[in-house]
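In the working numbering, the protein residues as written are -18 to 326. Even glycine gets a Cβ: it sits at the ideal position worked out from N, Cα and C.
Here it is, written out as structure tokens:
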């Protein structure tokens, strides 16, 4: 049986950061970190899209996003994922459905414990479990720590020079301090939290609220009813988070970047989940919408998290979310969908 040699790392060597997933959010995060590469960190990135990797390596641009934006020359674009095993910090910026294959890569190339920072906040569609729970169970002692990067961020806004607010959450104060040195800057207003579950659940829940807002708006519900609908659905999700997942009730503050700001932004803005909802509300099937978004290389986290919520006890009590799920699954039509929401008092 072969043994794995773990070579101690020099304390003076820069920490290795591996960003996996260079889509909308991953690219702008890569741009931001590359432009100001924090002292003591070396940044490497990879994506499974071969054409995207080629464009980034040789032209320093994305293959289909922001054609005038270039990443810094010091950012290393990996040709494959083998370097994932040498990373000290692994940033997950891909759709949640791809996380399991990344865990396979970690197990195949692992050399030392890694801190995983996930910007992918979702509930597993099949089991109803948070990704942090799945990753922690799967990797065991290969994991030095787990953190969530979430908050008030739309990828299209990050390309501008405007500041934005985000939350970094980890149960380990040493890891929080370490990650602040990586992410915090004059432009990134970074809040620190020690409750991963609350942050992750709240972020996943806002995906579903954005989906709900899009469906309702696409189906013809007016602004007044829509506002009441979002408030009531948010309350149902908060109760589900506290009672089933053990989230803290104080995490659901309207002053929070990951809850209040995200609800306002995703429910009224132009994020992917709201766009998915608009298409569903206008009569497109979920299968057609998933296919369209896949062709556009855009994710459907709200649909996946909604399926995950539906798999857990207590979901049946969430009447508005249950109605949304029935509509998405085409078990009820648009008239029944509208009638349910217009009866809200």
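Opening and closing residue of the alpha helix (DSSP H) in which residue i lies
i, result
"residue 188", "177 to 200"
"residue 81", "80 to 90"
"residue 270", "267 to 276"
"residue 311", "Element bounds for residue 311: n/a, residue is neither H nor E."
"residue 5", "5 to 17"
"residue 337", "Nothing about residue 337 can be read from this structure; the chain reaches only from -18 to 326."
"residue 31", "31 to 39"
"residue 96", "No alpha helix (DSSP H) contains residue 96, which is instead part of the beta strand (DSSP E) from 95 to 99."
"residue 231", "Premise fails: residue 231 is in no alpha helix (DSSP H) and is neither H nor E."
"residue 213", "204 to 221"
"residue 257", "253 to 262"
Residue i, buried or exposed, once every other Cβ within 10 Å from all chains shown has been counted against 16
i, result
"residue 5", "buried"
"residue 294", "exposed"
"residue 325", "exposed"
"residue 311", "exposed"
"residue 14", "buried"
"residue 10", "buried"
"residue 306", "buried"
"residue 256", "buried"
"residue 205", "exposed"
"residue 148", "buried"
"residue 198", "buried"
"residue 264", "exposed"
"residue 240", "buried"
"residue 415", "The first residue shown for the chain is -18 and the last is 326, placing residue 415 beyond what the model contains."
"residue 297", "exposed"
"residue 159", "buried"
"residue 58", "buried"
"residue 100", "buried"
"residue 272", "exposed"
The beta strand (DSSP E) enclosing residue i, as first and last residue numbers
i, result
"residue -4", "-4 to 1"
"residue 243", "No beta strand (DSSP E) contains residue 243, which is instead part of the alpha helix (DSSP H) from 243 to 249."
"residue 126", "124 to 131"
Pick from the options that is closest to residue i, judged by C-alpha positions
i, options, result
"residue 290", "150, 220 and 106", "106"
"residue 47", "163, 7 and 246", "7"
"residue 245", "155, 187 and 108", "187"
"residue 123", "152, 131, -2 and 90", "90"
"residue 196", "61, 83, 262 and 125", "262"
"residue 26", "254, 154, 223 and 2", "2"
"residue 229", "182, 119 and 109", "182"
Whole-angstrom distance between residue j and residue i, CA atom to CA atom
i, j, result
"residue 304", "residue 103", "20 Å"
"residue -4", "residue 76", "25 Å"
"residue 37", "residue 192", "32 Å"
"residue 54", "residue 167", "22 Å"
"residue 150", "residue 231", "15 Å"
"residue 94", "residue 116", "13 Å"
"residue 51", "residue 81", "30 Å"
"residue 345", "residue 18", "With the chain covering -18 to 326 only, the question about residue 345 has no answer from this structure."
"residue 314", "residue 292", "22 Å"
"residue 214", "residue 299", "8 Å"
"residue 226", "residue 78", "21 Å"
"residue 267", "residue 249", "21 Å"
"residue 68", "residue 88", "13 Å"
"residue 32", "residue 56", "17 Å"
"residue 282", "residue 189", "8 Å"
"residue 145", "residue 170", "6 Å"
"residue 127", "residue 174", "12 Å"
"residue 86", "residue 176", "27 Å"
"residue -8", "residue 21", "Low per-residue confidence applies at residue -8: pLDDT is 46, beneath 50, and the placement is therefore not dependable, though the value from the model is reported in the following sentence. For residue -8 and residue 21, the distance between alpha carbons rounds to 10 Å."
"residue 45", "residue 28", "13 Å"
"residue 163", "residue 201", "44 Å"
"residue 121", "residue 71", "15 Å"
"residue 63", "residue 92", "11 Å"
"residue 233", "residue 40", "43 Å"
"residue 223", "residue 178", "10 Å"
For residue i, the residue or residues it bridges with in DSSP
i, result
"residue 111", "104"
"residue 156", "Partner(s): none; residue 156 has no beta bridge."
"residue 25", "-1 and 57"
"residue 75", "According to DSSP, which records beta bridges pairwise, residue 75 is partnered with nothing at all."
"residue 174", "150"
"residue 116", "Answer is none; residue 116 lacks a bridge partner."
"residue 145", "169"
"residue 70", "-2 and 96"
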